[in-house]
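Asker:
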Amino acid sequence: MQNFYEADFYSWTQQQADLLRHRQWNQLDLPNLIEEIESLGRKERQELRNRLSILIGHLLKWEYQPKQRSRSWLATIRVQRREILKLLSENPSLKPYLEEVIQDSFQNGRDLASGETNLPLSNFPNECLYAFEEILSDRFYPGEAATDDLMG
């Protein structure tokens, strides 16, 4: 069964689903099935971390380069906020990991902001100064609020 798992993953998934549907427990590829189910959970956590990294990076750019603000930055901030809220709504058990994920994401977002603004990494704080509620609030834009011409 291991060779089938490695040779044609899609076909393996369909076979495992069929075996489950027909309650053929003794024919399931349990080691690989367990690994794949655990992997699905890790992917959700990774998606949360990635989306928060992008969002925090853009909030830092917004705060530290006010003259460069654009509709593109604003759109990225809005989309990431909506997608994070949707992800948390669909996966409420991710909420206990938020503090840990925010700190990891902040470091990634800090690197992103430094790279995209060409500002030294030392210009940005070492730890996240935004509360989680602020990060996800559609009213929170660090520094100055989004102007009407950008919001329009």
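With the sequence shown counted from 1, adding 340 to any position gets you the numbering used here. Ideal placement from N, C-alpha and C gives every residue a C-beta, glycine not left out. Treat the numbers as computed from the prediction; the structure is a model and nothing was measured.
For Pro465, report the span of its alpha helix (DSSP H) as first-last.
Answerer: Premise fails: Pro465 is in no alpha helix (DSSP H) and is neither H nor E.
Asker: Where does Tyr345 land, buried or exposed, given buried means 16+ other C-beta within 10 angstroms?
Answerer: Buried.
Asker: Are the beta-carbon atoms belonging to Asp348 and Arg421 less than 8 Å from one another?
Answerer: It is not a contact, given that the beta carbons lie outside the stated cut-off.
Asker: Could you spell out where the alpha helix (DSSP H) holding Ser412 opens and where it closes?
Answerer: Counting along the chain, the alpha helix (DSSP H) containing Ser412 begins and ends at 411–430.
Asker: Please state whether DSSP places Asn448 in a helix, a strand or coil.
Answerer: Here Asn448 sits in helix by DSSP.
Asker: Cβ atoms of Leu400 and Arg471: under 8 Å apart, would you say?
Answerer: One detail in the question is off: residue 471 reads as Ala in this sequence, not Arg. No.
Asker: Would you call the region 368–386 and the region 394–408 touching, i.e. three or more CB-CB distances under 8 Å?
Answerer: Counting Cβ pairs under 8 Å, fewer than three are found: no touch.
Asker: How far does the alpha helix (DSSP H) with Asn390 in it extend, from its first residue to its last?
Answerer: Asn390 -> alpha helix (DSSP H) spans 370–404.
Asker: In whole angstroms, give me the CA-to-CA distance for Leu392 and Ser351.
Answerer: Cα to Cα, Leu392 sits roughly 34 Å from Ser351.
Asker: Start and end of the alpha helix (DSSP H) containing Gln354?
Answerer: 349–361 is the span of the alpha helix (DSSP H), which, as asked, contains Gln354.
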